[in-house]
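Visitor:
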Amino acid sequence: MFMDTILILTICIVIFALAFDFINGFHDTANAIATSVSTRALTPRQAIILAATMNFIGALTFTGVAKTITKDIVDPFALENGPLIILAALTSAIAWNLITWYYGIPSSSSHAIIGSVAGAAISAAGVGILNYGGFLKILQSLILSPFLALGVGFIIMSIFRFIFKNANLYSTTRGFRMFQIVTAAFQAYTHGTNDAQKAMGIITMALIAGGYHATTDIPEWVRISAALAMGLGTAVGGWKIIKTVGGKIMKIRPINGAAADLSSALVILSATMFHLPVSTTHVISSAIMGVGAAQRVKGVKWGVARRIVLTWIITLPVSALIAGFVYQVLRLFF
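What follows is the structure, encoded as structure tokens:
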């Protein structure tokens, strides 16, 4: 592949990666603000400004997840036709995000990009190209984190119910509305610490594959641009998904919302500290289900929950297949 072709592909990848980050922001805005909007702790405008700001700050705080994405799915230093593989992966992930956003389905941007990178790489070089140790570690974190969030949500809600069982309902509701502003900010911050880093990792992988970067360290301009794209995407907002996450899973009150926000934020931040990518969509939805189950199992609308889980399950293989197909199409032109 000629150097000018590699340069053009790398520039396209940076643009597509930032577009993916932007779409991720508005696709996943619901994760940080749905419960606080649903309980009227914040107006939609206030919630979006808060979420965009905290997402941006969170995105600049860590780089561990970005490094995991850069090196643990495939080895970027050994990736033949790397720029083409990464461009195919981004095209697939963006397409899947837009489809699920259009239908208001809270699917996982994390599953989409990880599945797409794996699918494009396998299409190019076979299954042996995968870094199985790192890839399995990522899969484990994606699979286990929703169950962990479900359990943490159940435990925290049970603790809240025990502590406030004799409290005045009006004062408790008012107090938790105020507390929910804090938990929503914390949730938005943790969202930035994990989700924005996926685009940083993809761009760095492309720079290495193209011969423009020599280490897995994340360049400063990549960190800032990805953080900005995530923040701007969050500011646009994803109202259809807010409706699903904020009200269709269960009827949310301030105490529920605060418990769900706190539970999911703790799980996401823990994953970030261990350099593990997780799906913030999975985690917040699972935390809401856990909180609902702690009150009344029948209070959770399990039909909607099943639909969401089904989308979680199909995202990885479907995005991998789309990416593999896109790679073969791109090969006809490059």
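Numbers 23 to 356, taken from the numbering used here, label the letters of the sequence shown in order.
Glycine included, each C-beta is placed from N, C-alpha and C at the ideal position.
(1) Is it buried or exposed for S129, if we count other Cβ within 10 angstroms and need 16 for buried?
(2) Rounding to the nearest angstrom, what Cα-Cα distance links T90 and I71 in this structure?
(3) Under 8 angstroms by Cβ, that's how I've got S341 and S114 pegged, so tell me the actual separation to the nearest angstrom.
(4) Buried or exposed: which applies to N361, given that a residue is buried once 16 or more other Cβ atoms fall within 10 Å of its Cβ?
(5) Does the beta-carbon distance from L9 to A249 come in below 8 angstroms?
(6) Could you pull out every unbroken alpha helix (DSSP H) segment of at least 4 residues lying fully inside the segment 136–200, listed in chain order?
(7) What did DSSP end up calling V305 once you bin it into helix, strand or coil?
(8) I need the DSSP call for V96, collapsed to helix, strand or coil.
(9) Using only alpha-carbon positions, find the residue among A88, A63, T195 and R62 that is nearest to I246.
(10) Is there contact between the segment 148–162 and the segment 92–111, where contact requires at least three CB pairs shorter than 8 angstroms?
(11) So what's D26 in DSSP terms, helix, strand or just coil?
(12) Compute the Euclidean distance between the alpha carbons of M25 and Y234, then round it to the nearest angstrom.
(13) For a test of the three-state rule: what should DSSP assign to E242, helix, strand or coil?
(14) Taking the alpha-carbon positions, what's the I144 to G156 distance?
Guide: Walking through what the data contain:
(1) buried
(2) 29 angstroms
(3) 5 angstroms
(4) A question about residue 361 goes unanswered here, because the residues of the chain that appear run from 23 up to 356.
(5) Residue coverage of the chain in this structure runs from 23 to 356, which leaves residue 9 outside it and unanswerable.
(6) Counting only runs of 4 or more, we get 154–185.
(7) helix
(8) In the structure shown, V96 sits in a strand (DSSP, three-state: E or B).
(9) A88
(10) yes
(11) DSSP places D26 in helix when its eight states are reduced to three.
(12) 11 angstroms
(13) helix
(14) When the Cα atoms are used, I144 and G156 turn out to be separated by approximately 15 angstroms.
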